[in-house]
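> So the sequence shown is residues 5 to 99, counted in the numbering used here. Shown below is the structure under consideration.
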Amino acid sequence: MTRSIAWDRVTPADVRRAMKEYDKLGPQRFFAAHGFAPTTTYTLVQDGRSYPPKAMLGVAYEFATGERLASGDFEGGRAGAVTVLGRLGFTVEHV
């Protein structure tokens with residue numbers, strides 16, 4: 005069964021909130037708390053800092069909807085998180 009994800013409910017403010025939590029907790033605690041892992045292909049760049057795009061989008065979705073996504077519920081690359089974050093006005097770069 006394919007999971008239907010309502011990306012249109014995620015706002016730039018939700019993504020910024022996820023980034024703020026990442027900054028506060030640090031990578032290891034953030035990943036442990038939210039069930040994501042570091043990424044190696046793309047990076048979300050904001051104010052001179054880098055963030056894992058899939059984790060930021062997944063946590064932003066949880067903030068927006070109250071529904072937690074697992075890493076396997078959506079694609080993190082160009083066909084998924086990279087595109088959604090770009091539509092929200094964020095810069096995601098290939099590393």
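The beta-carbon is built from N, C-alpha and C at its ideal position, and this holds for glycine as well. All of these numbers come straight from a predicted model, not from anything done at the bench.
Roughly how many whole angstroms lie between the Cα atoms of Ala-68 and Ala-17?
Your numbering for residue 68 matches position 64 in the sequence shown. Your numbering for residue 17 matches position 13 in the sequence shown. Approximately 9 Å, taken between the alpha carbons.
> Report, in whole angstroms, the separation of the C-beta atoms of Ala-64 and Val-19, which I expect to be a contact under 8 Å.
As a position in the sequence shown, residue 64 is number 60, starting the count at 1. As a position in the sequence shown, residue 19 is number 15, starting the count at 1. With 8 Å as the limit, Ala-64 and Val-19 qualify as a contact, their Cβ atoms being about 4 Å apart.
> Could you have a look at Glu-79 and say whether DSSP puts it in helix, strand or coil?
Residue 79 sits at position 75 when you count from the first residue of the sequence shown. Coil, per DSSP.
> When you measure from the CB of Ser-54 to every non-hydrogen atom of the ligand NAP, does any distance come out below 7 Å?
This structure lacks the ligand NAP; in fact it carries no ligand of any kind.
> Would you say Met-60 and Leu-73 are within 8 Å of each other, going by their C-beta atoms?
Locating residue 60 in the sequence shown gives position 56, counting from the first residue. Locating residue 73 in the sequence shown gives position 69, counting from the first residue. Not closer than 8 Å, so no.
> Can you grab the Cα-Cα spacing for the pair Glu-79 / Gly-39, in whole Å?
For the purposes of this step, residue 79 is taken as residue 75 along the sequence shown, with counting starting at 1. For the purposes of this step, residue 39 is taken as residue 35 along the sequence shown, with counting starting at 1. For Glu-79 and Gly-39, the distance between alpha carbons rounds to 15 Å.
> CA-CA distance, Thr-15 and Leu-92?
The residue you call residue 15 lines up with position 11 of the sequence shown. The residue you call residue 92 lines up with position 88 of the sequence shown. In a straight line, the C-alpha of Thr-15 is about 7 Å away from that of Leu-92.
> First and last residue of the alpha helix (DSSP H) that includes Leu-29?
As a working mapping, residue 29 is identified with position 25 in the sequence shown. 16-29 is the span of the alpha helix (DSSP H), which, as asked, contains Leu-29.
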